[in-house]
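Q: Please read through the structure below; I'll follow up with questions.
Number of protein chains: 2
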Amino acid sequence: MTIALPWAAAAGVAGVLTDLFVVLLAAKLGDELSKRLGQPGLVGEILAGVIVGPSLLGIVEVGEVLEVFAELGVVFLLFWVGLETRISEMREVGRRALSVGVAGVILPFTGGVAFGLAIGESAATSVFLGAALAATSVGVTSAVLLELDMIRGVAARTVLGAAIVDDILALILVAVATGIAAEGGVDPLELGVVITLAFAFLAFFALGGTAVMAKRPQLLTEPRFSESPLLPAVLICLGLAALAAQIGLAAIIGAFLAGLIVAETKEQHPIEDEVAPLYAFFPPFFFAFIGIELDLGALADGGALLLLGAVTAIAVVTKLAGAALAARGMKREDARVVAVGMVPRGEVGIIIASIGAAAGVIDAEFFAVIVGMSILTTLAAPAALRRAGQVPP
Amino acid sequence: MTIALPWAAAAGVAGVLTDLFVVLLAAKLGDELSKRLGQPGLVGEILAGVIVGPSLLGIVEVGEVLEVFAELGVVFLLFWVGLETRISEMREVGRRALSVGVAGVILPFTGGVAFGLAIGESAATSVFLGAALAATSVGVTSAVLLELDMIRGVAARTVLGAAIVDDILALILVAVATGIAAEGGVDPLELGVVITLAFAFLAFFALGGTAVMAKRPQLLTEPRFSESPLLPAVLICLGLAALAAQIGLAAIIGAFLAGLIVAETKEQHPIEDEVAPLYAFFPPFFFAFIGIELDLGALADGGALLLLGAVTAIAVVTKLAGAALAARGMKREDARVVAVGMVPRGEVGIIIASIGAAAGVIDAEFFAVIVGMSILTTLAAPAALRRAGQVPP
Numbered sequence: 000m001t002i003a004l005p006w007a008a009a010a011g012v013a014g015v016l017t018d019l020f021v022v023l024l025a026a027k028l029g030d031e032l033s034k035r036l037g038q039p040g041l042v043g044e045i046l047a048g049v050i051v052g053p054s055l056l057g058i059v060e061v062g063e064v065l066e067v068f069a070e071l072g073v074v075f076l077l078f079w080v081g082l083e084t085r086i087s088e089m090r091e092v093g094r095r096a097l098s099v100g101v102a103g104v105i106l107p108f109t110g111g112v113a114f115g116l117a118i119g120e121s122a123a124t125s126v127f128l129g130a131a132l133a134a135t136s137v138g139v140t141s142a143v144l145l146e147l148d149m150i151r152g153v154a155a156r157t158v159l160g161a162a163i164v165d166d167i168l169a170l171i172l173v174a175v176a177t178g179i180a181a182e183g184g185v186d187p188l189e190l191g192v193v194i195t196l197a198f199a200f201l202a203f204f205a206l207g208g209t210a211v212m213a214k215r216p217q218l219l220t221e222p223r224f225s226e227s228p229l230l231p232a233v234l235i236c237l238g239l240a241a242l243a244a245q246i247g248l249a250a251i252i253g254a255f256l257a258g259l260i261v262a263e264t265k266e267q268h269p270i271e272d273e274v275a276p277l278y279a280f281f282p283p284f285f286f287a288f289i290g291i292e293l294d295l296g297a298l299a300d301g302g303a304l305l306l307l308g309a310v311t312a313i314a315v316v317t318k319l320a321g322a323a324l325a326a327r328g329m330k331r332e333d334a335r336v337v338a339v340g341m342v343p344r345g346e347v348g349i350i351i352a353s354i355g356a357a358a359g360v361i362d363a364e365f366f367a368v369i370v371g372m373s374i375l376t377t378l379a380a381p382a383a384l385r386r387a388g389q390v391p392p
Numbered sequence: 000m001t002i003a004l005p006w007a008a009a010a011g012v013a014g015v016l017t018d019l020f021v022v023l024l025a026a027k028l029g030d031e032l033s034k035r036l037g038q039p040g041l042v043g044e045i046l047a048g049v050i051v052g053p054s055l056l057g058i059v060e061v062g063e064v065l066e067v068f069a070e071l072g073v074v075f076l077l078f079w080v081g082l083e084t085r086i087s088e089m090r091e092v093g094r095r096a097l098s099v100g101v102a103g104v105i106l107p108f109t110g111g112v113a114f115g116l117a118i119g120e121s122a123a124t125s126v127f128l129g130a131a132l133a134a135t136s137v138g139v140t141s142a143v144l145l146e147l148d149m150i151r152g153v154a155a156r157t158v159l160g161a162a163i164v165d166d167i168l169a170l171i172l173v174a175v176a177t178g179i180a181a182e183g184g185v186d187p188l189e190l191g192v193v194i195t196l197a198f199a200f201l202a203f204f205a206l207g208g209t210a211v212m213a214k215r216p217q218l219l220t221e222p223r224f225s226e227s228p229l230l231p232a233v234l235i236c237l238g239l240a241a242l243a244a245q246i247g248l249a250a251i252i253g254a255f256l257a258g259l260i261v262a263e264t265k266e267q268h269p270i271e272d273e274v275a276p277l278y279a280f281f282p283p284f285f286f287a288f289i290g291i292e293l294d295l296g297a298l299a300d301g302g303a304l305l306l307l308g309a310v311t312a313i314a315v316v317t318k319l320a321g322a323a324l325a326a327r328g329m330k331r332e333d334a335r336v337v338a339v340g341m342v343p344r345g346e347v348g349i350i351i352a353s354i355g356a357a358a359g360v361i362d363a364e365f366f367a368v369i370v371g372m373s374i375l376t377t378l379a380a381p382a383a384l385r386r387a388g389q390v391p392p
């Protein structure tokens, strides 16, 4: 008889509960320290993940449960951002966001592919690198904009829209890259179906969903199973996130749409107060998980560090240039915020790198470089955005 | 290139998000239907789990992520119950709860072991059966008492205290049973350590934790990482749940203690409003998961059904008798509520059965019988409690 853990079934649960506790505690301690040093909390949360993760202390590992909590973290984060946004405001910036998004994909993608080929990588690896560089992190950028209280401005909404366009384009590029890696080519008909499906999903829920909800806000309060509109709203969020993921888009795009839809009932319900605790609970897992995914060991030699520096430089320069080009004509300050706001990479870049790793075209070093680049561009974002937006510290 | 899901990494996430969505949606539809039929929501949530689970539709399977969500469901449920309870109120009923709990273990355990031996099962299997019969479901009972608005009465608190005593005793019995199964015997010294550890944990946090929090309620609001006391409170909950699980107690005992501790700050903080959304989000997974775990196939022959009937009858009669015996001297109505309230089995009984299954002494049929018995005693609980407490429907 063993004393500490006499039963196997309970041992699994005990381990998972301990992991969740350790990650949340570490994230919040990092958040606390960050804020005391005048930095945004997410910087501390990511670094806390690096510390408790395999890179340093090794208390927690990458595993399915933590991955799901991280995913729900970014899902509830984007749901929250959607709640803070109105579809009418997105329409105002629509055209600009589209051009910033497209320009913000073309340059980094081309830069990434060219760099990959130049250092002698295969076509497939280079395309994955390009796609990972193309994806702006909606999660990171909007968390920073929320923390700096800039989320409601024209610039923030443009970044948001452009980042979503980015994510869709990057994921389409990945579909193409996966096709090339697996079958040596892409069927243009199938590709057309993927693209049509993506935009149809977006248009259908962004326009149709918000219109229905604006007309019948009582949809959220009619069910008897809930004394508040919270669970109906959460079901819309999870449902659209799952659907987006099922059709090959990022789950966060569905979550953002769900937020936009539910936001149409804000006059009737105190929905943000209800969602706030979920928004407080889950997102720290997302940021800590980025840190946990970092493999410092794979970056611990000169070649890898050089690669990290080069990739990060390309990521910053191409995105700044592309976004700035497309933001011409906006107010000077707004254009600056847009360009800087597009720089952070995060969840989608890392997802793309994981897909490449699973397909065998992104090796451990390249994966570590992409995660490292995401973290560097993320850590730099708060100070850069504050500066670009001339927000007092 | 596959259209629907072109990448492996995203596919895993899409599947999990879909599972979570399906389970939550099904649970809430079951809840809705239940309430429309005048039944408590959890009845519908459990049946919804049976429907979407492997027994009928087979849309979702038992898996690690759902198991963790179910566990967090019962953890947040007991945290909520703890928040609704004051340590001073628990002290009032302490002695009575202890005697009800002890009596409520001795009879069902003896009955279960005797029945197991009588039908020719091994000693180890019989001990596991007895232990599974001994464990009252704090989760189910308190959810029913919450739904019937009876949670604050003397009877409810007695049931709660007794159920916790039950769970501890049942888990100690399992430690003994596991020891017998694995090594053919139990070291009394080691057993003494397990028991001492359990009661020391309970006493230390119930008395020490509440005293500290009553004196320094600002502990919950001092951290800068949270604008509200929510996350500090959730960290206490997860931390004590993980610790309880690590030392071999049920996680829910830690969660209940955490609720008791945080409840000491209720005069200062609107903590229940903050926790309410987490309490709305997670527990449906717990109830649905009980239904998902049911294996109707294993119960689909006459022998298994007979076994289920016999085990359920023993479970009801022995628990009613034991609790009623110990509840003598209480007000008549309270004594009835206590006796009936102790009957539902649930999470801990199923945990014990899983441990037995992992140890190879509980086979698939017995496991299905124990889950079936838990579900039957749970489904009967609301109507029986309502009647015992003379609550108008």
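Protein chains in written order, with numbering that gives the first Met the number 0: chain A, 0 to 392; chain B, 0 to 392. Glycine residues also receive a C-beta, built at the ideal position from the N, C-alpha and C atoms.
According to DSSP, simplified to helix, strand and coil, what is alanine 326/A?
A: For this step, residue 326/A is matched to residue 327 along the first sequence. Alanine 326/A falls in the coil class under three-state DSSP.
Q: Taking CB distances under 8 angstroms as the criterion, tell me whether glycine 238/A reaches chain B.
A: The sequence position of residue 238/A within the first sequence is 239, counting from 1. Glycine 238/A counts as touching chain B.
Q: Between the Cα of isoleucine 349/A and those of Phe285/A, Asp148/A, Ala326/A and Arg94/A, spot the shortest distance and give me the residue it belongs to.
A: As a working note, residue 349/A is residue 350 in the first sequence. The shortest C-alpha separation from isoleucine 349/A is found at Phe285/A.
Q: Using 10 angstroms around the beta-carbon of phenylalanine 365/A, count the other beta-carbons present and answer buried if the total reaches 16, otherwise exposed.
A: Counting from one through the first sequence, the residue named residue 365/A turns up at place 366. So phenylalanine 365/A ends up on the buried side.
Q: So alanine 262/B and alanine 363/B are supposed to be a Cβ contact under 8 angstroms. How far apart are they, rounded?
A: As a working note, residue 262/B is residue 263 in the second sequence. As a working note, residue 363/B is residue 364 in the second sequence. Alanine 262/B to alanine 363/B, Cβ: 42 angstroms. No contact.
Q: Using CA coordinates, which residue listed in Ala210/A, Ile167/A, Ser98/A and Gln389/A is at the minimum distance from alanine 197/A?
A: The residue you call residue 197/A lines up with position 198 of the first sequence. Answer by Cα proximity: Ile167/A.
Q: Which of helix, strand or coil does DSSP assign to valine 342/A?
A: As a position in the first sequence, residue 342/A is number 343, starting the count at 1. Note: valine 342/A maps to coil in three-state DSSP.
Q: Return the Cβ separation of tryptophan 79/B and glycine 253/B in integer angstroms, given the expectation that the two are a contact with Cβ distance under 8 angstroms.
A: Taking the second sequence and counting its residues from 1, the one referred to as residue 79/B is at position 80. Taking the second sequence and counting its residues from 1, the one referred to as residue 253/B is at position 254. Wrong, their Cβ atoms sit about 14 angstroms apart, outside the cutoff.
Q: Could you name the residues of chain B that serine 225/A contacts, counting a contact when the two beta carbons are closer than 8 angstroms?
A: Stepping through the first sequence from its first residue, residue 225/A is reached at position 226. Result: Lys27 and Ala279.
Q: Are the C-beta of arginine 35/A and some C-beta of chain B separated by less than 8 angstroms?
A: Residue 35/A sits at position 36 when you count from the first residue of the first sequence. Interface residue, yes.
Q: Any beta carbon of chain A sitting closer than 8 angstroms to that of aspartate 165/B?
A: Taking the second sequence and counting its residues from 1, one reaches residue 165/B at position 166. Closer than 8 angstroms: no.
Q: Does the segment 295–310 of chain B come close enough to the segment 56–74 of chain B to have 3 or more Cβ pairs within less than 8 angstroms?
A: No contact exists between the segment 295–310 of chain B and the segment 56–74 of chain B.
Q: Report the rounded CA-to-CA distance for proline 187/A versus arginine 331/A, giving the unit in angstroms.
A: The residue given as residue 187/A occupies position 188 in the first sequence. The residue given as residue 331/A occupies position 332 in the first sequence. Between proline 187/A and arginine 331/A, the C-alpha separation is close to 40 angstroms.
Q: List the whole-angstrom C-beta distance separating proline 283/B from glutamate 44/B, where the pair is believed to meet the contact cut-off of C-beta under 8 angstroms.
A: Position 284 of the second sequence, counted from the first residue, corresponds to residue 283/B. Position 45 of the second sequence, counted from the first residue, corresponds to residue 44/B. Right, the Cβ-Cβ distance comes to about 5 angstroms (below 8 angstroms), so this counts as a contact.
Q: Can you pull the chain B residues whose beta carbon is under 7 angstroms from the beta carbon of aspartate 30/A, in chain order?
A: Translated into positions along the first sequence, residue 30/A becomes position 31. Phe224, listed in chain order.
Q: Given a threshold of 16 other Cβ atoms within 10 Å of its Cβ, counted over all protein chains shown, does glutamate 346/B qualify as buried or as exposed?
A: Within the second sequence, residue 346/B is the residue found at index 347, counting from 1. Flag for glutamate 346/B reads buried.
Q: Hey, does glycine 40/B have any beta-carbon neighbour from chain A nearer than 8 angstroms?
A: Reading the second sequence from its first residue, position 41 is the one you call residue 40/B. For glycine 40/B, the answer is yes, since a Cβ of chain A falls inside 8 angstroms of its Cβ.
Q: Do you know offhand how far glycine 100/B's Cα is from valine 137/B's?
A: Here residue 100/B refers to the residue found at position 101 of the second sequence. Here residue 137/B refers to the residue found at position 138 of the second sequence. Using only the alpha carbons, I get a separation of about 12 angstroms.
Q: Against chain A, with Cβ distances strictly below 8 angstroms, would glutamate 70/B count as a contact?
A: If you number the second sequence from 1, residue 70/B lands on position 71. Yes, because at least one Cβ of chain A sits closer than 8 angstroms to the Cβ of glutamate 70/B.
Q: Starting from the N-terminal side, write out each stretch of the alpha helix (DSSP H) that is 4 residues or longer and does not extend beyond the segment 208–291 of chain A.
A: For the segment 208–291 of chain A, whole alpha helix (DSSP H) runs of length 4 or above, ordered along the chain, are 209–214, 229–245, 250–262 and 270–280.
Q: Is isoleucine 374/B helix, strand or coil when you go by DSSP?
A: On the second sequence, position 375 is the one that residue 374/B refers to. The answer is helix: DSSP assigns isoleucine 374/B an H, G or I state.
Q: By a C-beta neighbour count over all protein chains shown, 10 Å radius and 16 as the cutoff for buried, is aspartate 30/B buried or exposed?
A: For this step, residue 30/B is matched to residue 31 along the second sequence. Per the 10 Å Cβ criterion, buried.
Q: By how many angstroms is the C-alpha of leucine 41/B removed from the C-alpha of isoleucine 150/A?
A: To locate residue 150/A, count along the first sequence from 1; it is residue 151. To locate residue 41/B, count along the second sequence from 1; it is residue 42. Their Cα atoms are separated by approximately 40 angstroms.
Q: Taking the alpha-carbon positions, what's the threonine 157/B to valine 21/A distance?
A: For the purposes of this step, residue 157/B is taken as residue 158 along the second sequence, with counting starting at 1. For the purposes of this step, residue 21/A is taken as residue 22 along the first sequence, with counting starting at 1. Rounded to the nearest angstrom, the two C-alpha atoms are 34 angstroms apart.
Q: Residues of chain A with a CB under 9 angstroms from the CB of alanine 250/B: which are they?
A: Taking the first residue of the second sequence as position 1, residue 250/B is located at position 251. Those are Ala9, Val12, Ala13 and Leu16, listed as they occur along chain A.
Q: Measuring only the C-alpha atoms, how far is alanine 250/B from arginine 215/A?
A: The residue labelled residue 250/B in the question sits at position 251 within the second sequence. The residue labelled residue 215/A in the question sits at position 216 within the first sequence. Each residue's alpha carbon lies about 42 angstroms from the other.
Q: Answer yes or no: do alanine 162/B and threonine 135/B have a C-beta to C-beta separation smaller than 8 angstroms?
A: In the second sequence, counting from the first residue as 1, residue 162/B sits at position 163. In the second sequence, counting from the first residue as 1, residue 135/B sits at position 136. Contact: yes.
Q: As a quick exercise: from Gly115/A, Asp148/A, Ala275/A and Ile86/A, pick the residue whose alpha carbon is nearest that of leucine 206/A.
A: Counting from one through the first sequence, the residue named residue 206/A turns up at place 207. Comparing Cα positions, the closest option is Ile86/A.
Q: Do the segment 223–233 of chain B and the segment 9–18 of chain A meet, that is, are 3 or more Cβ pairs less than 8 angstroms apart?
A: Flag = no, the segment 223–233 of chain B and the segment 9–18 of chain A do not touch.
Q: Does the CB of phenylalanine 285/B have a neighbour CB from chain A at under 8 angstroms?
A: Start at 1 with the first residue of the second sequence, and residue 285/B comes out as number 286. Judged by the 8 angstroms Cβ criterion, phenylalanine 285/B is not in contact with chain A.
Q: Starting from the C-beta of alanine 326/A, find all residues in its chain whose C-beta is less than 8 angstroms away, skip the five residues before and the five after it, and write them out in chain order.
A: Looking up residue 326/A in the first sequence gives position 327. Cβ within range, chain order: Arg95, Val99, Thr157, Asp333, Ala334, Val337 and Ala338.
Q: Can you give me the C-alpha to C-alpha distance between lysine 34/A and phenylalanine 224/B, rounded to a whole angstrom?
A: Locating residue 34/A in the first sequence gives position 35, counting from the first residue. Locating residue 224/B in the second sequence gives position 225, counting from the first residue. Taking the straight line joining both Cα atoms gives about 7 angstroms.
Q: Along the chain, where does the alpha helix (DSSP H) that runs through proline 187/B open and close?
A: Indexing the second sequence from 1 puts residue 187/B at position 188. Unbroken alpha helix (DSSP H) run through proline 187/B: 187–202.
Q: Taking the continuous alpha helix (DSSP H) assigned at isoleucine 45/B, which residues delimit it?
A: Numbered from 1 along the second sequence, position 46 holds the residue referred to as residue 45/B. Segment 40–51, the alpha helix (DSSP H) holding isoleucine 45/B.
Q: In angstroms with no decimal places, state the Cα-to-Cα distance between threonine 124/A and valine 173/A.
A: Taking the first sequence and counting its residues from 1, one reaches residue 124/A at position 125. Taking the first sequence and counting its residues from 1, one reaches residue 173/A at position 174. In a straight line, the C-alpha of threonine 124/A is about 11 angstroms away from that of valine 173/A.
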